[in-house]
Amino acid sequence: MDKLYSFGAARENRTLMGKAHTALNRACLPISAWPLLMRQNKVMTFLFQVDKFFIMDVSADIKKVTDPIYRKISKTVPEIEWAIHAPYIYKINKLKKEKNAVILAHNYQTPEIYHGISDFSADSLALAVEASKTKADIIVMCGVHFMAETAKLMSPEKKVLLPDMNAGCSLSSSITGNDVRNLKKKYPGVPVVSYVNTSAEVKAETDVCCTSANAVKIVESLGVKKVIFLPDDFLAKYVASQTDVEIISWKGTCEVHEQFNDEEINEIRKNNPGIKIIAHPECPPDVIKASDFAGSTSGMIKYVKDNQPEKVMMVTECSMSDNVQIDNPKVEFIRPCNLCPHMKRITLPKILECLENETNEILMSDEVIEKAKKSVKRMAEIGR
Ligand code: 13P
Ligand code: SF4
Numbered sequence: 002m003d004k005l006y007s008f009g010a011a012r013e014n015r016t017l018m019g020k021a022h023t024a025l026n027r028a029c030l031p032i033s034a035w036p037l038l039m040r041q042n043k044v045m046t047f048l049f050q051v052d053k054f055f056i057m058d059v060s061a062d063i064k065k066v067t068d069p070i071y072r073k074i075s076k077t078v079p080e081i082e083w084a085i086h087a088p089y090i091y092k093i094n095k096l097k098k099e100k101n102a103v104i105l106a107h108n109y110q111t112p113e114i115y116h117g118i119s120d121f122s123a124d125s126l127a128l129a130v131e132a133s134k135t136k137a138d139i140i141v142m143c144g145v146h147f148m149a150e151t152a153k154l155m156s157p158e159k160k161v162l163l164p165d166m167n168a169g170c171s172l173s174s175s176i177t178g179n180d181v182r183n184l185k186k187k188y189p190g191v192p193v194v195s196y197v198n199t200s201a202e203v204k205a206e207t208d209v210c211c212t213s214a215n216a217v218k219i220v221e222s223l224g225v226k227k228v229i230f231l232p233d234d235f236l237a238k239y240v241a242s243q244t245d246v247e248i249i250s251w252k253g254t255c256e257v258h259e260q261f262n263d264e265e266i267n268e269i270r271k272n273n274p275g276i277k278i279i280a281h282p283e284c285p286p287d288v289i290k291a292s293d294f295a296g297s298t299s300g301m302i303k304y305v306k307d308n309q310p311e312k313v314m315m316v317t318e319c320s321m322s323d324n325v326q327i328d329n330p331k332v333e334f335i336r337p338c339n340l341c342p343h344m345k346r347i348t349l350p351k352i353l354e355c356l357e358n359e360t361n362e363i364l365m366s367d368e369v370i371e372k373a374k375k376s377v378k379r380m381a382e383i384g385r
């Protein structure tokens, strides 16, 4: 029997540590990180996937359809893991055609989602723009809650589904609509620029949204001396370093990027002569300073594609290196990275379930949609 589809043997071998090892290996985490990851239920999510898989049918048709995808990602995804993913990938791709659904995936999604089922994968700005252009009836957002809400604001007439409603974001949860109203009282007349990593309620109080791809451009487009910039304090500091506009910031941080520090970056540079280090602007200012380039997730991907460095470190979420390595096989990736627990809530079984039953629909009142969509559309008009 083909090795990839020898499920009987795989079933016998799925000891707890074996399964945990595969999952952790993929996440490129040191052994010291295992207990933390276990606590965060990441391994349990993976085991759940394994268990769900064993009740699915496998056929030659699945193999025929999914083999070309596997050939592309085989250096990154182990065979035993692919055996679990393949039936889901087959079913989801079939179902999305039947339902005229589109799957939008953020760059932090795992390779089986990013390369296996997504119709469009990108940074948060491009996902928002794509959501406004799609002709599909259903949008499945493989990303976090604010991304699905943003898609709904761009296309209110569409059904937008999020495979796990608990996929949040530490930046988005750092600020409420009421906080923004209070800031506006404190700084009357000062325009509010909000990162898209915010709730629709915050966007409804915002003049114009931005992403890490266009934050400086958006701030400068207002033609004012001072702006309120929410909620990422590190992104605010990055913007302030690139413009003369005075920035009033909020104390939000990304729980993933705030963990990086310049000492570790400098150590990696010392041990890897010639390496290019590229960072997301949600990182602390010292990390950005120690890096060769800062940009949105798509900006970082473009950097690797255009420059083809011999060695690179992407100072960001772990799946980025996995996904970009697949498209840039000659580049060596040095991978200290941090997992986003929210992005990792999105799995193939959850995507299948939500698409099959059309559950987890993003719903907002007409009033919030009306108010919040203006700030998102204004951002999209200004562009990158
Ligand atoms: P991008 O807009 O760069 O894709 O970033 C979104 C995000 O949440 C990064 O943590
Ligand atoms: Fe939010 Fe950070 Fe996760 Fe991006 S990586 S979704 S900013 S918690």
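Mapping to my numbering: the sequence shown position 242 is 243, numbers consecutive. Idealized CB from N, CA, C, for every residue including glycine.
Might you give, ordered along the chain, the residues of its own chain that have their beta carbon closer than 8 Å to the beta carbon of residue i, omitting 5 neighbours on each side?
i	result
N267	A291
P285	F235, H258, E259, F261, N262 and D263
V194	T207, D208, V209, C210, C211, A216, I219, V220, L223, V228, I229, F230 and L231
D287	N262 and D263
Can you give me the Cβ contacts of residue i inside the same chain, cut-off strictly under 7 Å, excluding the 5 residues immediately before and after it?
i	result
K92	L353
A28	Bear in mind that a pLDDT of 43 at A28, under 50, signals an unreliable position, so the number given afterwards is only what the model happens to contain. Contacts found: C319 and L340.
I363	A149, E150, K153, V161 and L163
R379	V209
F1	Here the chain covers residues 2 to 385 and nothing more, so residue 1 does not appear.
P1	This structure cannot speak to residue 1, because the chain is shown only from 2 to 385.
Suppose you measure from the CA of residue i to the CA of residue j; what does that come to, to the nearest Å?
i	j	result
M314	E202	36 Å
A149	L163	6 Å
V369	A205	6 Å
P350	P192	43 Å
T212	S376	12 Å
I335	V325	12 Å
S322	E221	32 Å
K65	E333	31 Å
S156	I114	23 Å
I140	S119	11 Å
P36	P342	Residue placement at P36 is flagged as unreliable, the pLDDT there being 41, under the threshold of 50; a coordinate-derived value is accordingly withheld.
T77	N308	22 Å
P274	E265	15 Å
S180	R270	At residue 180 the sequence reads Asp, which differs from the Ser that was named. Cα-Cα distance, rounded: 41 Å.
Answer yes or no: does any C-beta atom of chain B fall closer than 9 Å to that of residue i?
i	result
V220	No chain B appears in the structure shown, which is made up of a single protein chain.
If I'm right that residue i touches residue j with Cβ under 8 Å, what's the distance once you round it to whole angstroms?
i	j	result
I70	G117	5 Å
V246	K227	7 Å
I276	K312	4 Å
N101	A137	5 Å
S299	A123	6 Å
Can you tell me whether residue i is buried or exposed? The criterion is at least 16 other CB atoms within 10 Å of its CB, across all chains shown.
i	result
R182	exposed
N272	exposed
D367	exposed
P282	buried
K159	buried
V225	exposed
N361	buried
S60	exposed
K97	buried
G384	exposed
With a CB to CB cut of under 6 Å and the five nearest residues on each side skipped, what residues in its chain are close to residue i?
i	result
G144	H107
E256	S171
A373	L154, A201, K204 and A205
F294	I279 and Y304
TODO: List in chain order: all unbroken beta strand (DSSP E) runs of 3+ residues lying wholly within the stretch 311 to 337.
DONE: 312 to 316
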